[in-house]
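In the order they appear, the protein sequences are chains A and B. Quick note on the working numbering: the first sequence kicks off at 1 and runs consecutively. Quick note on the working numbering: the second sequence kicks off at 1 and runs consecutively. Read through the structure below, which is laid out as C-alpha cells, and then see the notes.
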Amino acid sequence: MIKHFILVFIALFFSFSTVFSQEIQEEIIEEEIIEEVVFEESSIAFPSRFSWEISGNIQGDYRFFEEDGLYGGQETEYFSTIFNPEIYVEWDNSNQLIQFEGFARLNQYDIEQTHWDIRELYYQNIIENWELSVGKKQIYWGFTESNHLVNIINQDDLLEGNGVANKLGQSMIHISNYSEMGTVDVMLMRGFNPIQFPGAKGRLRPPFAVDYASTTYESEDGVDNTDFAIRWSHNFNAIDLGVSHFKGTSRTPLITSADGISFAPHYELIDQTGLELQASVGSMLWKLEAIQRKSDRKTIRAYTFGGEYTLVTKGGYDIGLLAEYNYDDRGAESITGLNDDVFAGIRIALNDEQSTSFLGGMNKDNENGTISYFVEADRRLGDSWKIKVKAFGFKDVAENEFLYLLRKDGFVELSLVKYF
Amino acid sequence: MKKIKSIVLGGLLLAFTAVNAQTPEEKGLAIAIEAEQADNGWGNSSNSLTMTLKNKNGQTTVRKTHGFSLEIPGDGDMSMTVFDTPKDVKGTASMTYTHKIGDDDQWLYLPALKRVKRISSSNKSGPFMGSEFAFEDISSQEVEKFNHKYIGLVKVSGTVCYKIERYPVSKTSGYTKIIIYINKENLRPEMLNFFDRKGAKLKTLTYSGYQQYLGKYWRASEMKMVNHLNGKETLLNFENYKFNDPSITKDSFTQNSLKRVK
Chain A
1 MIKHFILVFI ALFFSFSTVF SQEIQEEIIE EEIIEEVVFE ESSIAFPSRF
51 SWEISGNIQG DYRFFEEDGL YGGQETEYFS TIFNPEIYVE WDNSNQLIQF
101 EGFARLNQYD IEQTHWDIRE LYYQNIIENW ELSVGKKQIY WGFTESNHLV
151 NIINQDDLLE GNGVANKLGQ SMIHISNYSE MGTVDVMLMR GFNPIQFPGA
201 KGRLRPPFAV DYASTTYESE DGVDNTDFAI RWSHNFNAID LGVSHFKGTS
251 RTPLITSADG ISFAPHYELI DQTGLELQAS VGSMLWKLEA IQRKSDRKTI
301 RAYTFGGEYT LVTKGGYDIG LLAEYNYDDR GAESITGLND DVFAGIRIAL
351 NDEQSTSFLG GMNKDNENGT ISYFVEADRR LGDSWKIKVK AFGFKDVAEN
401 EFLYLLRKDG FVELSLVKYF
Chain B
1 MKKIKSIVLG GLLLAFTAVN AQTPEEKGLA IAIEAEQADN GWGNSSNSLT
51 MTLKNKNGQT TVRKTHGFSL EIPGDGDMSM TVFDTPKDVK GTASMTYTHK
101 IGDDDQWLYL PALKRVKRIS SSNKSGPFMG SEFAFEDISS QEVEKFNHKY
151 IGLVKVSGTV CYKIERYPVS KTSGYTKIII YINKENLRPE MLNFFDRKGA
201 KLKTLTYSGY QQYLGKYWRA SEMKMVNHLN GKETLLNFEN YKFNDPSITK
251 DSFTQNSLKR VK
C-alpha cells in the first residue's frame with residue numbers, strides 16, 4: 001500500500017516537476033529578449049498632396065488597315081486627334097456639383113468621323129440618400145464583357161470605330177435613391193441621338209450611303225419622344241443583381257430601303273426588360289445578362305452568360321480568363337452578330353510601375369464559323385503619358401453576318417495619350 | 001502525508017491551468033484580440049496617402065490616393081479609396097467591405113467607362129497599384145482572418161514587442177505565415193514579416209511615426225514595405241488623419257457613392 005503510494009507520489013512529483021520546469025522556462029522566455037531587430041532609416045522624401053479641378057487628355061491615333069477597303073473612297077491609313085476635357089465643380093460640402101466631359105475627334109480624311117459630343121454635362125444635388133441629376137449623362141449597366149445587352153441608355157458612338165464601346169451623352173432627369181432595399185434609378189430622357197455611321201471615306205461602314213434626311217420614327221414625337229427607364233439594383237455579399245426596364249425609342253435602327261438605292265434608318269418604340277446577375281465564388285466571377293425586347297413588329301430575347309477566373313502569379317501578375325456564351329433569337333439580324341457565339345479571352349495585368357496590361361479575345365459563331373478577334377495593350381510612359389496598341393480582325397466571315405460588310409476592315413491602331 | 005498530497009495535487013492543478021492558459025496558440029489569439037479591442041471604437045476616419053515606389057536602382061515613382069473608412073461593429077471595416085495620381089487613373093475609386101469571416105467584397109469604379117466592376121476575391125494576393133503591398137496587406141486586419149501562435153517577447157528598435165506568428169485562414173492568401181511584432185505597451189503593430197508558400201521570407205513591413213488620435217487610437221504616419229526577393233521598396237505616408245466625421249456613415253459606401261466619390 002505504502003509502496004504503491006510512493007510510486008504514485010513519485011509519478012506525481014515527476015509530472016509536477018516537469019510541468020514546473022516548463023513553467024520556469026516559459027517564465028524565462030517571458031523575461032528574456034530573444035531577438036533584437038533594428039529598422040533601417042527611410043531614405044525617401046515626400047511631396048505634399050494636391051488636386052485638380054480641370055483634367056482630361058489629348059490623344060493621337062494612327063490606324064492602319066491591312067487590306068484595301070471594299071468600297072470606293074476608303075483609305076488604308078488614318079491619323080486623328082482626340083480632345084477629351086473634363087471639368088468638375090462641387091460646393092455645399094460636395095452635395096452639389098457640376099460635371100462636364102467633352103469629346104472631339106479630328107480625322108485626317110473622313111469629315112464625318114470628325115465629330116464632337118458633350119459626353120456629360122449635368123448638375124447634381126445630393127440630399128441624404130437621394131441623388132437628383134439634370135443634364136447629359138453616361139449610364140453604364142451590366143457585367144458581361146463580350147456583349148452589353150442590358151446597357152441601353154446611351155446611343156453608340158459608331159464613328160469611333162470601336163463597336164459599342166463609346167457612347168454619346170444622353171439628356172435626362174435622373175433620380176436615384178439608395179436604401180436598405182437597394183438602389184432605385186428612374187430616368188426621363190429627351191433629345192434622342194440618331195446613330196451616325198462613318199462617311200464615304202471611312203472604314204467600318206456599310207456599303208451604302210445612309211439617307212439620314214429620310215429617317216423615320218415610330219413615335220409621333222420623333223426625336224422629342226420622352227423615354228423612360230427604371231432600374232433596381234442591389235448587392236447581397238457576393239452577389240450583385242440588377243433588374244431594369246426601358247420604354248422608348250430603340251437606340252438601334254432598322255435600315256430599310258424602298259428602292260434598293262436609298263437606305264434610311266427607322267427607329268421603333270420598344271419595351272426592354274433587362275436582368276443582370278453577378279456572383280463572386282472564390283476566384284470565379286459568374287456573370288449573366290438577359291433581355292427581352294418587345295416592339296410592335298416582334299419580341300426578341302437574348303442573353304450572355306459566362307465567367308471570369310482570376311489568378312495571381314508568383315511574379316504578381318493578375319491573369320483573368322474569360323469565357324462567355326451569347327445567344328440572340330434575332331439571329332444574324334442583330335447588329336453585333338452575337339447570336340450563337342462563344343467568346344474566349346484573357347486579361348493580363350503586369351502590376352508593374354507603368355501598369356502594363358493586355359486584353360485579348362475571340363468570338364466564334366457556332367453556326368457559320370465566323371471569327372472576330374481583338375488584342376489591346378497599354379502602358380504608362382512617365383507620369384502623364386500612355387501608349388496604347390489595338391488590333392481588330394475577322395476570319396471566315398459568313399455572308400449572312402452583318403460583319404460580312406466589314407470583312408476587310410481589320411486594323412492595327414497605335415495611340416499616344418497625354419493626360420493633364 | 002495527506003496534506004503534502006493535496007498540496008502536490010493543488011500545485012499540479014495550478015501548473016496545468018497556467019500551462020493551459022498559455023498554450024502559444026491561445027496566448028497569440030488573446031494578444032491579437034486584446035490589440036483589436038484596444039483599437040475598437042474609432043468610428044470613422046479619413047486620410048490621404050502618398051505612396052512612393054522605389055526600384056532596385058533607387059528610382060522612385062509617386063502615387064497619391066485619399067480615402068475614408070468606417071468601423072462596423074461585429075464585422076470588418078468598410079473603406080473607400082480614390083486615386084489622385086498618376087493622372088491616367090485619376091478618379092478611379094475602390095470600395096471594400098471587409099468581413100471577419102469569408103471573402104471581402106470589393107468593387108472598382110472606372111470613370112472612363114462609367115463602369116463599376118467587382119474585383120474577384122483571389123485578387124487580394126495581387127499588388128496594390130504596382131506597389132510591394134498586396135491588397136490583403138492594406139485591408140483591415142481582422143483577428144478572424146488568421147490562426148495565431150505566440151512565440152515570445154522581442155525587442156524591435158528598442159521597443160519590447162510580442163512576437164506572434166499568424167497563419168492566414170484564406171486559401172487565396174499569398175502567404176503561409178506572417179510574423180507580427182506587437183508593441184507590448186500599447187498593442188500597436190511595429191513590424192511584420194511575410195513568408196511565401198515556400199516558407200521563404202518575402203517581405204518586411206515596418207511602422208513608424210505613430211501618432212495618437214482621440215487620446216486612444218494609434219496610427220502610423222509611415223509604413224515601409226521591403227521586398228527581399230526583388231529588392232524593391234514601397235513607402236506609404238499617411239497625412240491629414242481625421243476622425244469622427246458625422247457625414248461618414250454606412251450610406252457613404254453604396255454603389256452610388258462609389259460612382260460619385262472624388
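We put the beta carbon where it would ideally sit given N, CA and C, even for glycine.
Per DSSP, cross-strand counterpart(s) of residue i
i, result
"residue 301 of chain A", "A/292"
"residue 246 of chain A", "A/229, A/272"
"residue 96 of chain A", "A/91, A/125"
"residue 148 of chain A", "Per DSSP, none; premise fails for residue 148 of chain A."
"residue 183 of chain B", "B/161"
"residue 321 of chain A", "A/309, A/346"
"residue 338 of chain A", "According to DSSP, residue 338 of chain A bridges with nothing at all."
"residue 62 of chain B", "B/52"
"residue 178 of chain A", "A/183"
"residue 209 of chain A", "DSSP lists no partner for residue 209 of chain A."
Alpha helix (DSSP H) segment containing residue i, residue limits
i, result
"residue 233 of chain B", "Taken as a continuous stretch (DSSP letters only), residue 233 of chain B belongs to no alpha helix (DSSP H), being part of the beta strand (DSSP E) at 233-243."
"residue 37 of chain B", "24-38"
"residue 257 of chain B", "255-260"
"residue 135 of chain B", "135-138"
With 16 other Cβ atoms within 10 Å as the buried cut-off, status of residue i
i, result
"residue 141 of chain B", "buried"
"residue 43 of chain A", "Note that residue 43 of chain A scores a pLDDT of 39, beneath 50, so its modelled location is shaky and nothing firm can be said."
"residue 421 of chain A", "Any property of residue 421 of chain A remains undetermined from this structure, which presents chain A solely from 1 to 420."
"residue 81 of chain B", "buried"
"residue 99 of chain A", "buried"
"residue 67 of chain B", "buried"
"residue 45 of chain A", "Its pLDDT being 37, under 50, residue 45 of chain A is placed unreliably in this model, and the coordinates cannot settle the point."
"residue 126 of chain B", "buried"
"residue 410 of chain A", "buried"
"residue 130 of chain A", "exposed"
"residue 448 of chain A", "Since the first residue shown for chain A is 1 and the last is 420, residue 448 of chain A is missing from the structure and cannot be characterised."
"residue 228 of chain B", "exposed"
"residue 1 of chain B", "Caution is warranted here: a pLDDT of 49 is assigned to residue 1 of chain B, below 50, making its placement in the model unreliable, and no coordinate value can be reported."
Enclosing beta strand (DSSP E) for residue i [first to last residue]
i, result
"residue 55 of chain A", "54-65"
"residue 223 of chain A", "Careful: residue 223 of chain A lies outside any beta strand (DSSP E) and carries neither H nor E."
"residue 411 of chain A", "411-419"
"residue 82 of chain B", "78-85"
"residue 71 of chain B", "No beta strand (DSSP E) contains residue 71 of chain B, which DSSP labels as neither H nor E."
"residue 205 of chain B", "201-213"
"residue 220 of chain B", "217-227"
"residue 155 of chain B", "146-156"
"residue 135 of chain A", "130-137"
"residue 99 of chain B", "From DSSP, residue 99 of chain B is part of no beta strand (DSSP E); its letter is neither H nor E."
"residue 446 of chain A", "Chain A is shown only over 1 to 420; residue 446 of chain A falls outside these bounds and no answer can be derived."
"residue 377 of chain A", "371-381"
"residue 192 of chain B", "189-195"
Beta-carbon spacing of residue i, residue j below 8 Å
i, j, result
"residue 359 of chain A", "residue 62 of chain A", "no"
"residue 88 of chain B", "residue 419 of chain A", "yes"
"residue 337 of chain A", "residue 402 of chain A", "yes"
"residue 487 of chain A", "residue 244 of chain A", "The question about residue 487 of chain A has no answer, for chain A in this structure spans 1 to 420."
"residue 115 of chain B", "residue 86 of chain B", "no"
"residue 56 of chain A", "residue 81 of chain A", "no"
"residue 137 of chain A", "residue 118 of chain A", "no"
"residue 115 of chain A", "residue 159 of chain A", "yes"
"residue 162 of chain B", "residue 196 of chain B", "no"
"residue 366 of chain A", "residue 341 of chain A", "yes"
"residue 187 of chain B", "residue 35 of chain B", "yes"
"residue 54 of chain A", "residue 87 of chain A", "yes"
query: When Cβ atoms are compared, which residues of the stretch 70-99 of chain B fall closer than 9 Å to chain A?
result: 84, 85, 86, 87, 88, 89, 90, 91, 97, 99
message: Against chain B, which members of the stretch 323-356 of chain A pass a CB distance test of less than 7 Å?
response: 351, 352, 353, 355
field: Residues within the stretch 281-300 of chain A neighbouring chain B, beta-carbon criterion of under 8 Å
entry: 282, 283, 284, 285
message: What are the residues in the stretch 107-119 of chain B lying within 7 Å of chain A by C-beta distance?
response: Per Cβ criterion, the list reads 113, 114, 115, 118.
message: For the stretch 126-151 of chain B, list every residue whose C-beta sits within 7 Å of some C-beta in chain A, in sequence order.
response: 126, 127, 130
message: Tell me which residues of the stretch 378-411 of chain A have at least one Cβ-Cβ distance to chain B shorter than 8 Å, keeping chain order.
response: Listed by position, the residues of the stretch 378-411 of chain A near chain B (Cβ gap below 8 Å) are 380, 383, 384, 386.
field: Residues in the stretch 204-225 of chain B having any Cβ partner in chain A nearer than 8 Å
entry: 206, 208, 222, 224
- prompt: Which residues, in order along the stretch 225-241 of chain A, keep a beta-carbon less than 8 Å from a beta-carbon of chain B?
  reply: 233, 235, 237, 238, 240
Positions along the stretch 164-196 of chain B whose CB lies within less than 9 Å of some CB in chain A: 171, 172, 174, 181, 190, 191, 196
query: According to a CB-to-CB cut-off of less than 7 Å, which residues of the stretch 23-49 of chain B neighbour chain A?
result: 48
- prompt: Any residues in the stretch 153-181 of chain A with a beta carbon nearer than 7 Å to a beta carbon of chain B? Which ones, in chain order?
  reply: 176, 178
query: Between the stretch 248-259 of chain B and chain A, which residues of the former have CB atoms less than 7 Å from a CB of the latter, in chain order?
result: 251, 254, 255, 256
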